[in-house]
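In this text, residue positions in the sequence shown follow our numbering: the first is 1418, and each later residue adds one. Even for Gly, the Cβ is constructed at its ideal location relative to N, Cα and C.
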Amino acid sequence: MRRWFLVLGCALAAWLSASCAGGGGNADGSGVTPASQFLRTGADVAVVDFFDMYCHTCQSAASHVNDLHAMVQKRGLGSRIEFYAVGVNNTAMEADLYRTRFHVPFAVIADRERTLASRYGVERPPVLIALRKSGSGWKEIYRTTDPTVPGEEILAKIQP
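So this is what it looks like as structure tokens:
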């Protein structure tokens, strides 16, 4: 009997990991976006919100970042400023839970191995950075760890 529970448990775990492991993500925020799609955009500026699903400050900051995204869209800058949320230390399932729970309307990427966090020097979230296209790469133009910075102030500093 014990063996059957073990077999069923393993089968369930395998099914859950296969169905949650970053599959089917789109840049429009429907599901978790594969990390390979990060910064593959025609936009001039990328705003990157580094979060952790279990960070309470990150959770409260989500609405501020969503408001900034809405402000950019309302001003017609959506094609010039792209948004990403990167789940530091988070699995695809955790990142998708964050996306759903906090109604994130843009691409969410799981960074379980801290690849993106390390690349941009993010020790612990929340961190919001903005990158501007520079030649064939990207240059950081803005960084804050303060989730209460008004969207107007951020937009004034990053606007293309």
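Per DSSP, the continuous alpha helix (DSSP H) segment holding A1534 begins and ends at T1532 to R1536.
In this chain, T1565 is not harboured by any beta strand (DSSP E), its DSSP state being neither H nor E. Here the alpha carbon of H1473 sits roughly 30 Å from the alpha carbon of T1458.
Where E1511 is concerned, the enclosing alpha helix (DSSP H) starts and stops at A1509 to R1518. Per DSSP, reduced to three states, the secondary structure at A1527 is strand. In the DSSP secondary-structure assignment, L1548 is bridged to A1463 and E1557. Per DSSP, reduced to three states, the secondary structure at V1449 is strand. DSSP places V1489 within a helical segment (H, G or I) once states are collapsed to three. With a cutoff of 7 Å on beta-carbon distance, P1542 and F1467 are scored as near each other.
By the C-beta criterion, the stretch 1475-1494 is judged not to be in contact with the stretch 1527-1541, since fewer than 3 inter-stretch pairs fall below 8 Å. Taking A1534 as reference, the option from D1513, I1546 and P1567 with the minimal CA-CA separation is I1546.
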